[in-house]
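Listed in order, the protein sequences are those of chains G and Y.
Residue 399 in the numbering used here sits at position 1 of the first sequence; the count goes up by one each step and never skips.
Residue 401 in the numbering used here sits at position 3 of the second sequence; the count goes up by one each step and never skips.
Down below is the structure, laid out as structure tokens.
Protein chains: 2
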Amino acid sequence: MSALNIPKSSFPRVIIIGGGFAGVALAKELSKKEVQVVLLDKNNYHTFQPLLYQVATGGLEPDSIAYPIRKILQDYPNFFFRLANVLEVKTEEKQLETNIGTVKYDYLVMATGAETNFFGNKEIEENGMVMKSIPESLNLRSLILENFEQALLTDDLHQRDALMNFVIVGGGPTGVELAGALAEIKKGILPKDYPDLDTRRAEINLVQSGDRILKEMSDKASKKAEDFLEELGVHVWKNTRVLSYDGKVATTKTDLSFECATLIWAAGVKGASIKGLDAQELLVRGNRLKVNEFNQVVGHDHIFAIGDVAGMITEKTPSGHPMMAQPAIQQGKNLGFNLVRLLENKPLKPFVYNDKGSMATVGRNKAVVDLENYKFQGVFAWFVWMFVHLFFLIGFRNRVIVFINWVYNYVRFDREARLIIRPYQRDYDRFR
Amino acid sequence: MSALNIPKSSFPRVIIIGGGFAGVALAKELSKKEVQVVLLDKNNYHTFQPLLYQVATGGLEPDSIAYPIRKILQDYPNFFFRLANVLEVKTEEKQLETNIGTVKYDYLVMATGAETNFFGNKEIEENGMVMKSIPESLNLRSLILENFEQALLTDDLHQRDALMNFVIVGGGPTGVELAGALAEIKKGILPKDYPDLDTRRAEINLVQSGDRILKEMSDKASKKAEDFLEELGVHVWKNTRVLSYDGKVATTKTDLSFECATLIWAAGVKGASIKGLDAQELLVRGNRLKVNEFNQVVGHDHIFAIGDVAGMITEKTPSGHPMMAQPAIQQGKNLGFNLVRLLENKPLKPFVYNDKGSMATVGRNKAVVDLENYKFQGVFAWFVWMFVHLFFLIGFRNRVIVFINWVYNYVRFDREARLIIRPYQRDYDRFR
Numbered sequence: 399m400s401a402l403n404i405p406k407s408s409f410p411r412v413i414i415i416g417g418g419f420a421g422v423a424l425a426k427e428l429s430k431k432e433v434q435v436v437l438l439d440k441n442n443y444h445t446f447q448p449l450l451y452q453v454a455t456g457g458l459e460p461d462s463i464a465y466p467i468r469k470i471l472q473d474y475p476n477f478f479f480r481l482a483n484v485l486e487v488k489t490e491e492k493q494l495e496t497n498i499g500t501v502k503y504d505y506l507v508m509a510t511g512a513e514t515n516f517f518g519n520k521e522i523e524e525n526g527m528v529m530k531s532i533p534e535s536l537n538l539r540s541l542i543l544e545n546f547e548q549a550l551l552t553d554d555l556h557q558r559d560a561l562m563n564f565v566i567v568g569g570g571p572t573g574v575e576l577a578g579a580l581a582e583i584k585k586g587i588l589p590k591d592y593p594d595l596d597t598r599r600a601e602i603n604l605v606q607s608g609d610r611i612l613k614e615m616s617d618k619a620s621k622k623a624e625d626f627l628e629e630l631g632v633h634v635w636k637n638t639r640v641l642s643y644d645g646k647v648a649t650t651k652t653d654l655s656f657e658c659a660t661l662i663w664a665a666g667v668k669g670a671s672i673k674g675l676d677a678q679e680l681l682v683r684g685n686r687l688k689v690n691e692f693n694q695v696v697g698h699d700h701i702f703a704i705g706d707v708a709g710m711i712t713e714k715t716p717s718g719h720p721m722m723a724q725p726a727i728q729q730g731k732n733l734g735f736n737l738v739r740l741l742e743n744k745p746l747k748p749f750v751y752n753d754k755g756s757m758a759t760v761g762r763n764k765a766v767v768d769l770e771n772y773k774f775q776g777v778f779a780w781f782v783w784m785f786v787h788l789f790f791l792i793g794f795r796n797r798v799i800v801f802i803n804w805v806y807n808y809v810r811f812d813r814e815a816r817l818i819i820r821p822y823q824r825d826y827d828r829f830r
Numbered sequence: 399m400s401a402l403n404i405p406k407s408s409f410p411r412v413i414i415i416g417g418g419f420a421g422v423a424l425a426k427e428l429s430k431k432e433v434q435v436v437l438l439d440k441n442n443y444h445t446f447q448p449l450l451y452q453v454a455t456g457g458l459e460p461d462s463i464a465y466p467i468r469k470i471l472q473d474y475p476n477f478f479f480r481l482a483n484v485l486e487v488k489t490e491e492k493q494l495e496t497n498i499g500t501v502k503y504d505y506l507v508m509a510t511g512a513e514t515n516f517f518g519n520k521e522i523e524e525n526g527m528v529m530k531s532i533p534e535s536l537n538l539r540s541l542i543l544e545n546f547e548q549a550l551l552t553d554d555l556h557q558r559d560a561l562m563n564f565v566i567v568g569g570g571p572t573g574v575e576l577a578g579a580l581a582e583i584k585k586g587i588l589p590k591d592y593p594d595l596d597t598r599r600a601e602i603n604l605v606q607s608g609d610r611i612l613k614e615m616s617d618k619a620s621k622k623a624e625d626f627l628e629e630l631g632v633h634v635w636k637n638t639r640v641l642s643y644d645g646k647v648a649t650t651k652t653d654l655s656f657e658c659a660t661l662i663w664a665a666g667v668k669g670a671s672i673k674g675l676d677a678q679e680l681l682v683r684g685n686r687l688k689v690n691e692f693n694q695v696v697g698h699d700h701i702f703a704i705g706d707v708a709g710m711i712t713e714k715t716p717s718g719h720p721m722m723a724q725p726a727i728q729q730g731k732n733l734g735f736n737l738v739r740l741l742e743n744k745p746l747k748p749f750v751y752n753d754k755g756s757m758a759t760v761g762r763n764k765a766v767v768d769l770e771n772y773k774f775q776g777v778f779a780w781f782v783w784m785f786v787h788l789f790f791l792i793g794f795r796n797r798v799i800v801f802i803n804w805v806y807n808y809v810r811f812d813r814e815a816r817l818i819i820r821p822y823q824r825d826y827d828r829f830r
């Protein structure tokens, strides 16, 4: 296998694994600095993860929430991107093994993000759907639409109900936003698209293990989001866990049972570690790499971790920072600053998280926003949610296209990207 | 396998196979008429095929040239859509076999369109790329981008050139438009995205069997389009045929040989016939169903064919009408009119093709337009091309999104959808 063909440089080489919020923020910060930056990602694009659920529900095209990484780096000299899967970190040799060859680093930054955590449940992993990447979201989009096409073909009411029954596991922002979007589709689109199907029987169930949804947010936000969901007809089940799903029936710890063709697992994520940096002593809860206040991985002076994969345990953050865009971006920026300081032998600046608040949307005119001193819900919150998301989306074109889609969807109560571009091959015989 | 669950009706049942230009035009024409219409398609969306090359070259997102068929039919009573592959037509029983069951028809309309014609060359079918559907265009998009990522990884100049060498077979509108788009990418995007690669060595070859490209158009248009392509650096090879492509080297009848990682076959299409209606006596040149002037399939009073799959041989059209959107739309409309006449036992109106002209674009400010009395090329032609395409695109949202993309791409010399959403798995070892 050929090597990565990165030219030699007199500058030290910083390899960043992952072009998510953290990796991109760091790369931008290092522009025009005296380092050679190599960014590796398994995709050639940055994904704006907070809007994946809108791709899955036909509200947005995938291309408008993705942005070519090469374009982000275009104006920076000494920047190199390689499309690669990193297979192993060899810390002794300061070297990475990837699917396209090996490469040496002077400094390594793990910005690998998070992956779905099934907590060891293989059955759910096999039969459930997830929504952490664009292809996964497109698969889910296809499956949702295919289910309704299938439901038309059966006279067995039981089977038809199962095809129109959705179980979403996890009451965090992803689960809540997806549940709201599905409920809006049920109300606004299904009756028009499937006049020959009694789509009122479609059900959206949201299962949350704790005693409230959006548990990272204020009580007020939780309560209001739950009200919004109920207004939309979503069934919210709290204080229970989904234990099994064989592709047909989901059961919970409290002996609920849902016959459903679609179970979406949004109940947990874990840091995406890589072989060579996955020893138990390096990890904290949630499979995150234990880092000090400079995002340095414990015991590895030349390796850093930022974003979701970084577990910075402090008094204020006993289980690390929230796995969201804001801490990732801020850590990326801070590390960019620090890497230059490190090369100049200057003291590093500890990371301090500036919590700008959090928000979630449930649907049309329905969102909840928690700022430090001001918590609000409803129409205004929804506008704030939209503009914050537009602001953080990378790329002018993407912002315009997303904005137009939102205006169109809002005015027309519609979602025109309900397209099965590539079918998701589900074995429907199990429902017969 | 369950049946298609189409409710019984006192109206006669017209089944349309295919939701392309012809099928959709017919369906719209039959709205509010006293027929039950069942539209079958293997996709749940209509594809605007003339812009597939822009999806393949990262200029447009796939979702903006697709439109949900169910939405097109939303307002029509007595309309039923089923997502189905039709496997066989049983003309005796007036019945279709599909992958989701069987269904009876009173009238059948074949609007199945065209598929790629490899003229029996299995090797090219296996190793070449095509661009007749959205997934195929996305595969081509992925492969083009993957080739450049691969080219970065090799020091073997020979191999690198092969990865950056594109051979497009067929000098019709598809081949010409694709060649122009690739040339623009070479000029505007590759040097910025791949500063560490000598992308000037990338080559775009267009191979045409006849003595001019765009042979359906005027000599003037052909000549000018060729000039435009040469300005853009495309190599146009005329009077030769590609005979073989093993995935590595393409050879022609005139002993040319191209070492190339990508060969795009745009050299022929043929009518997409279906078992049961594929007997030799039913077909004319290009595998099209022989129809009379009412689009009735010869010998089958209850079966019609419209659009690309219809071969209406007249004095003016010795090999049928051009396989383009215009004849398809017009035949769909005329057949809609005629079906109602037929049910009322009134005489039918023969189809007369109103040739509104044809056009093709080569790139920025470069297009050719042939109207009956006026042929023009250049900037104005390019604007005409754009507005005609926007006009025929289905859906207000699609038009706005495509328009914005075009304005953005024009102003910024850019194509931001250069995303490998799903990798196209090519075995690159053959180039080593």
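Every residue, glycine too, gets a C-beta built ideally from N, C-alpha and C.
Source: prediction; values computed, not measured.
Whole runs of the alpha helix (DSSP H) within the region 530–569 of chain Y, excluding any shorter than 4 residues: 532–549 and 555–561
Secondary structure, beta strand (DSSP E): runs of 3+ residues fully inside the region 666–708 of chain G: 667–669, 686–689 and 701–703
Residue-chain proximity (Y/Leu817, chain G), Cβ-Cβ < 9 Å: yes
Y/Gln472: contacting residues in chain B (beta-carbon distance under 9 Å): Judged by its chain identifiers, the structure shown contains no chain B, and its protein chains are G and Y.
Min CB distance Y/Val881 to chain G below 9 Å: No information on residue 881 of chain Y is available, as it lies outside the stretch 399 to 830 that chain Y covers here.
Contact with chain Y by G/Tyr839, beta-carbon distance below 9 Å: Shown here, chain G extends from 399 to 830; a query on residue 839 of chain G therefore has no answer.
Whole-angstrom distance between G/Glu459 and Y/Ile818, CA atom to CA atom: 14 Å
Chain G within 9 Å of Y/Arg480, Cβ atoms only: yes
Cβ-Cβ distance between Y/Cys658 and Y/Asn732 below 9 Å: no
Selection of the region 428–453 of chain G by Cβ proximity to chain Y, strictly under 8 Å: Asn441, Asn442 and Tyr443
Closest Cα partner of Y/Ala611 within the set Y/Asp625, Y/Arg599 and Y/Ala600: Strictly speaking, residue 611 of chain Y in this sequence is Ile, with Ala absent from that position. That would be Y/Asp625, whose Cα lies nearest to the Cα of Y/Ile611.
Other residues of its chain near G/Ala670: CB distance less than 7 Å, five sequence neighbours each side excluded: Thr510, Gly511, Ala512, Glu513 and Val707
Given 8 Å, three or more beta-carbon pairs between the region 737–754 of chain G and the region 689–696 of chain G: yes
Partners in chain Y for G/Asp461, counting only beta-carbon separations shorter than 7 Å: Glu459, Ala815 and Leu817
Cβ neighbour criterion (16 or more within 10 Å) applied to G/Asp812: buried
CB contact below 9 Å: G/Phe785 versus chain Y: no
Validate contact between the region 704–722 of chain Y and the region 676–683 of chain Y using beta carbons, cut 8 Å, 3 pairs: yes
Y/Ser642 in three-state terms, based on DSSP: strand
Top-ranked residue by Cα proximity to Y/Val689, from Y/Gln729, Y/Ile470, Y/Ala581 and Y/Ala758: Y/Gln729
Spatially closest choice to G/Ala383 from G/Arg795, G/Gly573 and G/Ala600, by CA coordinates: For chain G, the structure presents residues 399 to 830; residue 383 of chain G sits outside this window and is missing.
The beta strand (DSSP E) enclosing G/Ile415, as first and last residue numbers: Arg411 to Ile415
Of the residues Y/Leu741, Y/Phe790 and Y/Val766, the one placed nearest Y/Val348, counting alpha carbons only: Because chain Y here runs from 399 to 830, residue 348 of chain Y falls outside it and cannot be looked at.
Enclosing alpha helix (DSSP H) for Y/Thr500 [first to last residue]: Looking at the DSSP string, Y/Thr500 is not in any alpha helix (DSSP H); the run it does join, the beta strand (DSSP E), is Gly499 to Lys502.
Minimum Cβ-Cβ distance from G/Glu495 to chain Y less than 9 Å: no
Residue burial classification, Y/Ser535 (beta-carbon count within 10 angstroms, cutoff 16): buried
Straight-line gap, Y/Phe546 to G/Leu402 (C-alpha atoms, nearest Å): 13 Å
Chain-ordered chain Y contacts of G/Pro533 [CB-CB under 8 Å]: Ile819 and Arg820
Residues bridged to Y/Ser756 (per DSSP): Y/Asp768
Beta-carbon contacts of Y/Ala454 that lie in its chain and below 6 Å, excluding the five residues immediately before and after: Met529, Ser535, Leu538 and Arg539
C-alpha distance - Y/Leu561 paired with Y/Glu544, whole-angstrom precision: 9 Å
Local Cβ density within 10 Å of G/Pro745, reported as buried at 16 or more and exposed below that: exposed
Buried or exposed (CB count within 10 angstroms, at least 16 for buried), G/Thr652: exposed
For Y/Tyr474, the nearest candidate out of Y/Glu427, Y/Glu601 and Y/Leu506 (CA to CA): Y/Glu427
Classification of G/Leu481 by the beta-carbon crowding that lies within 10 angstroms, buried from 16 upward: buried
Span separating the alpha-carbon of Y/Gln724 from that of Y/Asp753: 8 Å
Pairwise C-alpha distance: G/Asn563 and Y/Glu628: 57 Å
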